[in-house]
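Numbering (mature numbering (1 follows the signal peptide of the UniProt record, and there is no 0)), first residue to last: -22 to -1, 1 to 530. These notes are about the structure you will find just below.
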């Protein structure tokens, strides 16, 4: 009886696809492989031929594991270390799916030691034609010296910890990707993650450092939770121009023309200067409803062929191109966004902001809404927007609409305007505090809320205290511009038609304005309605033109 009970306890029973299956053990060794039923052994190759649950343990410096079963297979990777220098260490090519379980406390490895550049059918350390699910609480280190780290027909991550070092992509998925738990850290010579279908991120952690795009999704990307930290193409600091003498002379690099460059390289130009850049997150469409994203890219932070929609979450971005770039609508209706370094902070055919806290620092425009039909930029109720730019603050091919929230803009360029519209600026609600150098955009006469305009006879330094008071001495505006300025545009629901307001700089009254119509200008000893624009001989703010929004 005792022997019977001991034997029964020794038989571990698992459930796979609703069927209770006995566990089969596979033991790796440089002296050979031992295994039970369902496994064929030939030299240094173990082939699983039947569906079921298999526990893999031991160490083998030159061998490989093949899953060639029509039914689903679960492999419990119990600290096994498997390496191979002649072929892919793990290949799942049967008709079934693969479940990879990493038991708690286990620390396994898969090492593809083939020479870099090897052309092979199975181009990953772990190659699967079907779907792969990774679960558990252990860890697995994957080295793809000749290609990708993991390549699968579909991939679902539920738990466990994957550490990937690859010559190609860290994760290469032919179908869809679901990240619902676990931890993935990948250093990749190609994409950090490539997905040929849709991708969803609901939970878990993704830490990527890739030479090409961090995450490249052919279809849609949905993020509702989890934490993503991505460095792509060396980060924002690596976005300097790589234009060569030949690029300038021929318009292309003959070396790339005749010999071909990396399949991950792309050119993305600003001001006719070509530079190789890579995006942190790129997809046909992007939706962010939660989670945490820290992105550092030589190209764009988030880039979508069609729309980008953000309703929640926290995003921190530093990039060499655009913080967020949408081919169609860029809509932010919630969450917190910091773009600490960019060429353009937010770019889209139309840009709409509401119920979100947004801070943008840009070398060019803070916000650019430009398309073939014009493009509209709108700031609505609940938006807390702060822009520090060297170009325009907000530019639109058609109209700029300020309907609510709070907008603060500081522009440093003599040719950049805080508000630059191909159409008109509609001041219909919210608070506007903007400073710059260039001419103010035309404000629609039927705007619901008045605007105060101040043009100074001299350039004022950054950091000075500016206060605007009403006739009763109550402060309506109080702020300190972060960059030198010679023009102010101010609006608030507190402004009233027929009321007079006085502007003070460092405690000295410089002028007064009585609100009459859509725009009223301050006049005084140092400011007046006819004061010259401080752009001097520099070009005035130009009407925004459409920039190429096609995906690289």
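We put the beta carbon where it would ideally sit given N, CA and C, even for glycine. Source: prediction; values computed, not measured.
Check your understanding: So who's on the other strand from residue 445, going by DSSP bridges?
Key -> Stepping through the chain shown from its first residue, residue 445 is reached at position 467. Answer is 456 and 482.
**Study point:** DSSP state of residue 496 mapped onto helix, strand, coil
**Key:** Looking up residue 496 in the chain shown gives position 518. Looking at residue 496 - three-state DSSP - the assignment turns out to be coil, as it is neither helix nor strand.
Check your understanding: Between the C-alpha atoms of residue 321 and residue 330, what's the straight-line distance to the nearest angstrom?
Key -> As a first step, residue 321 is located in the chain shown; it is residue number 343 there, counting from the start. As a first step, residue 330 is located in the chain shown; it is residue number 352 there, counting from the start. The straight-line gap from Cα to Cα measures roughly 19 Å.
Practice item. Kindly list the residues whose CB is nearer than 6 Å to the CB of residue 206, restricted to its own chain and excluding five residues on each side of it in sequence; keep chain order. Key: Your numbering for residue 206 matches position 228 in the chain shown. Closer than 6 Å at the Cβ level, and outside the excluded window around residue 206, lie 184 and 271.
Check your understanding: Quick one, which of 66, 481 and 494 has its alpha-carbon nearest residue 503's?
Key -> For the purposes of this step, residue 503 is taken as the residue at position 525 of the chain shown. Closest by alpha carbon: 481.
Practice item. Pick out the complete beta strand (DSSP E) segments inside the region 341 to 365, 3 residues or longer, and give them in chain order. Key: 345 to 347 and 355 to 357
Point to revise | Terminal residues of the beta strand (DSSP E) in which residue 553 lies | key: For residue 553 there is no data in the structure shown, the boundaries of the chain being -22 and 530.
Practice item. Examine the Cβ distances between the region 58 to 67 and the region 107 to 115 and report whether three or more of them are shorter than 8 Å. Key: no
Point to revise | Nearest-angstrom Cβ-Cβ length linking residue 310 and residue 259, presumed shorter than 8 Å | key: Here residue 310 refers to the residue found at position 332 of the chain shown. Here residue 259 refers to the residue found at position 281 of the chain shown. Contact flag wrong, Cβ pair sits at about 15 Å.
Check your understanding: Grouping DSSP H, G and I as helix and E and B as strand, with all else coil, what is residue 210?
Key -> To locate residue 210, count along the chain shown from 1; it is residue 232. Residue 210 falls in the strand class under three-state DSSP.
Exercise for review: Would you check if the distance between the CB atom of residue 297 and the CB atom of residue 214 is smaller than 8 Å?
Suggested key: Here residue 297 corresponds to residue number 319 of the chain shown, with the count starting at 1. Here residue 214 corresponds to residue number 236 of the chain shown, with the count starting at 1. Taking 8 Å as the Cβ cut-off, residue 297 and residue 214 qualify as a contacting pair.
Point to revise | The beta strand (DSSP E) enclosing residue 102, as first and last residue numbers | key: Numbered from its first residue, the chain shown carries residue 102 at position 124. Looking at the DSSP string, the run of the beta strand (DSSP E) that includes residue 102 is 102 to 114.
Practice item. Look at residue 315 and residue 334 and say whether their C-beta atoms are less than 8 Å apart. Key: The residue you call residue 315 lines up with position 337 of the chain shown. The residue you call residue 334 lines up with position 356 of the chain shown. Yes, the pair counts as a contact, with Cβ atoms nearer than the cut-off.
Exercise for review: Give me the Cβ distance between residue 80 and residue 118, rounded to the nearest whole Å; I'm assuming they're in contact under 8 Å.
Suggested key: On the chain shown, residue 80 is found 102 positions in, with the first residue counted as 1. On the chain shown, residue 118 is found 140 positions in, with the first residue counted as 1. Going by Cβ atoms, the distance from residue 80 to residue 118 rounds to 6 Å, so yes, they are a contact pair.
Review point. Less than 8 Å separating the beta-carbons of residue 257 and residue 277?
Key: In the chain shown, the residue the question calls residue 257 occupies position 279. In the chain shown, the residue the question calls residue 277 occupies position 299. Their beta carbons are under 8 Å apart, which means residue 257 touches residue 277 by this criterion.
Exercise for review: Can you say whether residue 495 is buried or exposed, counting buried as having 16 or more other CB atoms within 10 angstroms of its CB?
Suggested key: In the chain shown, residue 495 corresponds to position 517, counting from 1. So residue 495 ends up on the exposed side.
Exercise for review: Just mark residue 366 as buried or exposed, buried being the case when its beta carbon has 16 or more other beta carbons within 10 Å.
Suggested key: Residue numbering aside, residue 366 sits at position 388 when the chain shown is read from its first letter. Buried is the call here.
Check your understanding: So, using beta-carbon positions, are residue 410 and residue 497 closer together than 8 Å?
Key -> Walking along the chain shown from the start, residue 410 turns up at place 432. Walking along the chain shown from the start, residue 497 turns up at place 519. Taking 8 Å as the Cβ cut-off, residue 410 and residue 497 do not qualify as a contacting pair.
Check your understanding: Taking the alpha-carbon positions, what's the residue 429 to residue 402 distance?
Key -> Walking along the chain shown from the start, residue 429 turns up at place 451. Walking along the chain shown from the start, residue 402 turns up at place 424. Between residue 429 and residue 402, the C-alpha separation is close to 14 Å.
Check your understanding: When you compare each of 484, 49 and 6 to residue 42 by their alpha carbons, which one comes out closest?
Key -> Mapped onto the chain shown, residue 42 falls at position 64. Out of 484, 49 and 6, 6 has the C-alpha closest to the C-alpha of residue 42.
Review point. Measuring CB to CB, does residue 90 end up less than 8 Å from residue 123?
Key: In the chain shown, the residue the question calls residue 90 occupies position 112. In the chain shown, the residue the question calls residue 123 occupies position 145. In this structure, residue 123 lies closer than 8 Å to residue 90 by Cβ.
Check your understanding: For residue 215, which of helix, strand or coil comes out of DSSP?
Key -> On the chain shown, position 237 is the one that residue 215 refers to. Helix, per DSSP.
Review point. If we count the other Cβ atoms within 10 Å of its Cβ and call it buried at 16 or more, is residue 199 buried or exposed?
Key: As a first step, residue 199 is located in the chain shown; it is residue number 221 there, counting from the start. Buried is the call here.
Check your understanding: Exposed or buried, residue 462, counting other C-beta atoms within 10 Å across all chains shown (16 or more means buried)?
Key -> Here residue 462 refers to the residue found at position 484 of the chain shown. The residue is buried, with at least 16 neighbouring Cβ atoms inside 10 Å.
Practice item. Note down, in chain order, each residue of its chain lying with its Cβ closer than 6 Å to the Cβ of residue 340, except the 5 sequence neighbours on either side. Key: Translated into the one-based positions of the chain shown, residue 340 becomes position 362. Same-chain partners within the cutoff: 320, 322, 323 and 367.
Exercise for review: Just tell me which of 266, 20 and 450 has its CA closest to the CA of residue 478.
Suggested key: As a position in the chain shown, residue 478 is number 500, starting the count at 1. Nearest option by C-alpha distance: 450.
Check your understanding: Measuring CB to CB, does residue 23 end up less than 8 Å from residue 16?
Key -> In the chain shown, residue 23 corresponds to position 45, counting from 1. In the chain shown, residue 16 corresponds to position 38, counting from 1. Cβ atoms of residue 23 and residue 16: not closer than 8 Å.
**Study point:** Own chain residues within Cβ distance below 8 Å of residue 238, not counting five before or after
**Key:** On the chain shown, residue 238 is found 260 positions in, with the first residue counted as 1. For residue 238, the predicted structure reports a pLDDT of 43, less than 50, and the residue's modelled location is therefore unreliable. The matter cannot be settled from this model.
Review point. Bridge partners of residue 176, per DSSP?
Key: Working through the chain shown from its first residue, we reach residue 176 at position 198. According to DSSP, which records beta bridges pairwise, residue 176 is partnered with nothing at all.
**Study point:** Inter-residue Cα distance where the pair is residue 455 and residue 471
**Key:** On the chain shown, position 477 is the one that residue 455 refers to. On the chain shown, position 493 is the one that residue 471 refers to. Distance between the alpha carbons of residue 455 and residue 471 is about 11 Å.
Check your understanding: First and last residue of the beta strand (DSSP E) that includes residue 199?
Key -> Stepping through the chain shown from its first residue, residue 199 is reached at position 221. Unbroken beta strand (DSSP E) run through residue 199: 198 to 201.
**Study point:** residue 160, buried or exposed, once every other Cβ within 10 Å from all chains shown has been counted against 16
**Key:** Here residue 160 refers to the residue found at position 182 of the chain shown. Classification for residue 160: buried.
Exercise for review: Give me the Cβ distance between residue 318 and residue 288, rounded to the nearest whole Å; I'm assuming they're in contact under 8 Å.
Suggested key: Within the chain shown, residue 318 is the residue found at index 340, counting from 1. Within the chain shown, residue 288 is the residue found at index 310, counting from 1. About 17 Å; that fails the 8 Å criterion.
Point to revise | Bridge-paired residues (DSSP) for residue 270 | key: Position 292 of the chain shown holds residue 270. 205 and 292.
Review point. With respect to the beta strand (DSSP E) encompassing residue 158, which residues constitute its N-terminal and C-terminal limits?
Key: Taking the first residue of the chain shown as position 1, residue 158 is located at position 180. First-last of the beta strand (DSSP E) with residue 158: 155 to 166.
**Study point:** Reference residue 408; option with closest CA among 434, 31 and 358
**Key:** The residue given as residue 408 occupies position 430 in the chain shown. The shortest C-alpha separation from residue 408 is found at 358.
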